[in-house]
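Asker: Got a structure for you, questions after.
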Amino acid sequence: MLFNSLPFLVFLPAVLLGLWLVFHRTKTRQNAFLLAASYAFYMAWDWRFALLLAFSTLSCYAMAIRVEEASDMRVRRLWLRACIVLSLAVLGFFKYFGFFTENLSALLAAMGLHADIPTLRIILPVGISFYTFHGLSYILDVYYGRIRTHRDVVDYALFVAYFPLLVAGPIERATHLLPQLKVKRSFSYPQAASGLLLAGWGMLKKVMVADNVAPYVDSVFSDHAAHSAGAIALAAVGFAVQVYADFSGYTDIARGISRMFGIELIRNFDFPYAAKTIPEFWSRWHISLSSWLNDYVFTPIALGLRDLGRHGVFLGVMATFLISGLWHGPAWHFVLWGGFHGLMYLPYIYSGKGLRSLTSRKRQGRTPSEYPMVALTFAIVCVGYVLFRADDTHIALGMLGRVFTLAPGGIPREALAVPLFGGILFLVEAAIASEAVQTRWSGDSLPARGLRQAVYLVLGLLVMLFWGSGSQGFIYFQF
Amino acid sequence: MRYTIDDLLPIFRDVLEDDGITLSETTVAADVPGWDSMNHIYLVVAIEKRFKVKFTTYQIQNWKCVGDMLSELNK
């Protein structure tokens, strides 16, 4: 059941009505109802997925209690490791088993050995990468004493399975989400209205921008040899527009829906294409995953290797990005994409402090003198997108080869979609930003209300218009 | 010997290259421009070198603010 599907248009109002009219009296009822709705939502894909979700939830829940209750440090560490191994083993089996066996077969064949390695057709449970990370962050935070365990199993299960974020994030932290689930929420019209509006903007980004840039991007990536350097470069820029509109649109829908339930989810994007360095880009793009990897992968590795000085930091960065690549999918082009971004950190790690200080984000605005840095960073990100979007490494390198050797040829007319919808995306982002300001300032004055209603109307019409032309699945659902 | 904020301040200013930094026991990374995860590693290395101590990863991961760093140093 995708957010942009018709069944969801029935499901969401039913859950909203159920929560605020029937199950609103106590926190326990609210959470039990939302948990049941979340499992129903998840089982709409395949009921068996729910068993795995429940197993993952209960195992982390129980082992976190063991971690907290153990007085011996070695026992604490043992339970933590058991949970990490179990969680990653489940994720690894469902997501990476095929990748591992294929590559092992290829390696053995290259060595002249022919082994009969069993292959399984395993269905990837939707959202497994996201809810596995939810559980892991919880037990790691318990281990490091950042939070206490949450003993109410319904609240905890809702933290893992909450349907707005279940299948594609944002990856929430227990420190942010659980305190909101511990208390009874009340319906608030302004909050629900602002949530509806945010979800509407997100839907518009998806159906109007992402879905209309996709055909040109797909046509170039599926037949790159027939396209010129300019056409390929525009397709990479087009994918930058598409993936941002798609994923940030999804996140806006998730945050907007959640706001209607009285629960705030963390912000996942902060104008990433305005970044003037690659490290800054990663502090603005998919923030919930970047900060997760930063806290639970980079920091422990880099601390463990700190005696190696800058080399240790570099190894930590590379390991983090390679894992990030693999997290996105079991394919070498994702690993290459991760490695490429890791390498982009080299100047900041090995340079003097002056360059390193550039990586710290201090303000939102950009001065004209910073535009070249912003453009360069965007170009680097687009090179990375070719590695990310291509079906395999061979195609990705072939495309980059054609761009850098300035392969001749024209640019198809369909490429006009890139500047057109890129411009629309820019306007939509500006509107969302101004809406944030408006929500904070407006209160409930008549002009503000009138403006909001006009925006709802235009937004609704645009979404219906573009939805009618056929909407596609969200890119990040596959991860 | 008991270490204080004044002992940590020069290290922060040197690593983060900002003489305007001020610290208190409740200061957290978000309060100090430039105190990101990468610079955090360099800060730990500089503190260990200056005070000739070696922290475990578990100890470092438990730090929530500058006061926690001082408590660890003064143990």
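Chains A and B, in that order, are what the protein sequence lines are.
Everything in the first sequence is counted per the numbering used here, starting at 1 for the first residue and increasing by one.
Everything in the second sequence is counted per the numbering used here, starting at 1 for the first residue and increasing by one.
Heads up, the beta-carbon is just placed ideally off N, CA and C, and yes, glycines get one too.
Under 8 Å between the Cβ atoms of Met481 (chain A) and Gly249 (chain A)?
Answerer: There is no way to answer for residue 481 (chain A), as the model of chain A reaches only from 1 to 479.
Asker: Verify whether the separation of the beta carbon atoms of Leu387 (chain A) and Ala396 (chain A) is less than 8 Å.
Answerer: In this structure, Ala396 (chain A) lies closer than 8 Å to Leu387 (chain A) by Cβ.
Asker: I'd like to know if Pro300 (chain A) contacts chain B, where contact means its C-beta is closer than 8 Å to some C-beta of that chain.
Answerer: Taking Cβ atoms only, chain B reaches closer than 8 Å to Pro300 (chain A), which makes this a yes.
Asker: Nearest to Ala233 (chain A) by alpha carbon, out of A:Pro7, A:Gly384, A:Thr149 and A:Val207?
Answerer: Residue A:Gly384 is the option with its Cα nearest to Ala233 (chain A).
Asker: Does the distance from the CB of Ala214 (chain A) to the CB of Gln242 (chain A) come in under 8 Å?
Answerer: A contact, by the Cβ cut-off of 8 Å.
Asker: Once the 5 residues before and after Pro125 (chain A) are set aside, which same chain residues still bring their CB inside 7 Å of it?
Answerer: Counting only Cβ-Cβ distances below 7 Å, and skipping sequence neighbours, we find Phe49, Leu52 and Phe94.
Asker: Give the interface partners of Ser37 (chain B) over in chain A, defined as CB-CB distance under 7 Å, in chain order.
Answerer: Those within 7 Å of Ser37 (chain B) in chain A are Asn294, Phe298 and Thr299.
Asker: Strictly below 9 Å CB to CB, what residues from chain A border Val66 (chain B)?
Answerer: By Cβ distance, chain A contributes nothing, its closest Cβ being about 17 Å from Val66 (chain B), past 9 Å.
Asker: For Gly410 (chain A), count neighbouring Cβ atoms within 10 angstroms of its own Cβ and tell me buried if that reaches 16, exposed if not.
Answerer: That one is exposed.
Asker: Going by CA-CA distance only, name the one from A:Phe187, A:Thr277, A:Ala106 and A:Phe298 that's closest to Arg366 (chain A).
Answerer: Closest by alpha carbon: A:Thr277.
Asker: Is it a yes or a no for the stretch 275-295 of chain A touching the stretch 340-349 of chain A, going by three-plus beta-carbon pairs under 8 Å?
Answerer: The stretch 275-295 of chain A is in contact with the stretch 340-349 of chain A.
Asker: Looking only at its own chain, which residues have a Cβ that is under 7 Å from the Cβ of Met82 (chain A), when we skip the five neighbours before and after it?
Answerer: What sits at residue 82 (chain A) in the sequence shown is Ala, not Met. Taken in chain order, the residues that qualify are Met63.
Asker: If you compare alpha carbons, which of A:Ala174, A:Val153 and A:Pro164 is closest to Val142 (chain A)?
Answerer: Minimum Cα distance to Val142 (chain A) is reached at A:Ala174.
Asker: Runs of 4 residues minimum, wholly inside the stretch 301-333 of chain A: which ones carry the alpha helix (DSSP H) assignment?
Answerer: Complete alpha helix (DSSP H) runs here, min 4: 310-328.
Asker: Using the Cβ count rule (16 or more neighbours within 10 Å means buried), how would you classify Met69 (chain B)?
Answerer: Counting Cβ neighbours within 10 Å, Met69 (chain B) comes out buried, since at least 16 surround it.
Asker: What residues in its chain sit with their C-beta under 7 Å from that of Ile117 (chain A), if we drop five residues either side in the sequence?
Answerer: Within the same chain, Ile117 (chain A) has close Cβ partners Thr101, Leu104 and Ser105.
Asker: Taking Ile484 (chain A) as the reference, which of A:Asn212, A:Met111 and A:Phe97 has the closest Cα?
Answerer: Here chain A covers residues 1 to 479 and nothing more, so residue 484 (chain A) does not appear.
Asker: My guess is that Ile21 (chain B) and Val44 (chain B) are in contact by the Cβ rule of under 8 Å, so how many angstroms apart are they, rounded?
Answerer: So it is not a contact: roughly 17 Å between Cβ atoms.
Asker: Count the CB pairs spanning the stretch 185-203 of chain A and the stretch 221-229 of chain A that are closer than 8 Å, and state whether there are at least three.
Answerer: No: the two stretches stay apart, fewer than three of their Cβ pairs being nearer than 8 Å.
Asker: Considering only C-alpha positions, which residue in the set B:Tyr3, B:Arg2, B:Asp31 and B:Thr4 is nearest to Leu16 (chain B)?
Answerer: That would be B:Asp31, whose Cα lies nearest to the Cα of Leu16 (chain B).
Asker: Does any C-beta atom of chain B lie closer than 8 Å to the C-beta of Leu303 (chain A)?
Answerer: Yes, Leu303 (chain A) lies at the interface with chain B (some Cβ there is under 8 Å from its Cβ).
Asker: Could you give the first and the last residue of the continuous alpha helix (DSSP H) run that contains Glu280 (chain A)?
Answerer: Per DSSP, Glu280 (chain A) belongs to the alpha helix (DSSP H) from Ile278 to Arg284.
Asker: Quick one: Cα of Ala29 (chain B) to Cα of Gly304 (chain A), how far?
Answerer: So the alpha carbons of these two residues sit roughly 20 Å apart.
Asker: Cβ closer than 7 Å: which chain B residues qualify as neighbours of Tyr144 (chain A)?
Answerer: Residues of chain B passing the Cβ test: Gln61 and Asn62.
Asker: So, using beta-carbon positions, are Gly217 (chain A) and Phe239 (chain A) closer together than 8 Å?
Answerer: For clarity, residue 217 (chain A) is Val in the given sequence; the question names Gly instead. Contact flag set, yes.
Asker: Please state whether the Cβ-Cβ distance between Asn268 (chain A) and Leu158 (chain A) is less than 8 Å.
Answerer: No.
Asker: Output the distance between the C-alpha atoms of Gly329 (chain A) and Ala110 (chain A), rounded to the nearest integer angstrom.
Answerer: The straight-line gap from Cα to Cα measures roughly 24 Å.
Asker: Unbroken alpha helix (DSSP H) runs of length 4 or more, entirely within the stretch 177-244 of chain A: which are they?
Answerer: Runs found: 189-204 and 211-222.
Asker: At which residues does the alpha helix (DSSP H) containing Cys60 (chain A) begin and terminate?
Answerer: Unbroken alpha helix (DSSP H) run through Cys60 (chain A): Trp47 to Glu69.
Asker: Go ahead and pull the three-state DSSP assignment for Lys27 (chain A).
Answerer: Here Lys27 (chain A) sits in helix by DSSP.
Asker: Taking all protein chains shown into account, decide if Pro164 (chain A) is buried (16 or more other Cβ within 10 angstroms of its Cβ) or exposed.
Answerer: Answer is buried; the Cβ neighbour count reaches 16.
Asker: Closest to Ala407 (chain A) by CA distance: which of A:Gly398, A:Met318 and A:Phe99 is it?
Answerer: Considering only alpha carbons, the answer is A:Gly398.
Asker: With DSSP run on the structure shown, which of helix, strand or coil describes Trp441 (chain A)?
Answerer: Note on Trp441 (chain A): pLDDT 47, under 50, position unreliable in the model; no value is reported.
Asker: Is DSSP giving Ile171 (chain A) helix, strand or coil here?
Answerer: Of the three classes helix, strand and coil, the one that applies to Ile171 (chain A) here is coil, per DSSP.
Asker: Please confirm if Ile41 (chain B) has its CB atom under 8 Å from at least one CB of chain A.
Answerer: With 8 Å as the cut-off, Ile41 (chain B) counts as an interface residue toward chain A.
Asker: Taking CB distances under 8 Å as the criterion, tell me whether Val44 (chain B) reaches chain A.
Answerer: It does; some Cβ of chain A falls within 8 Å.
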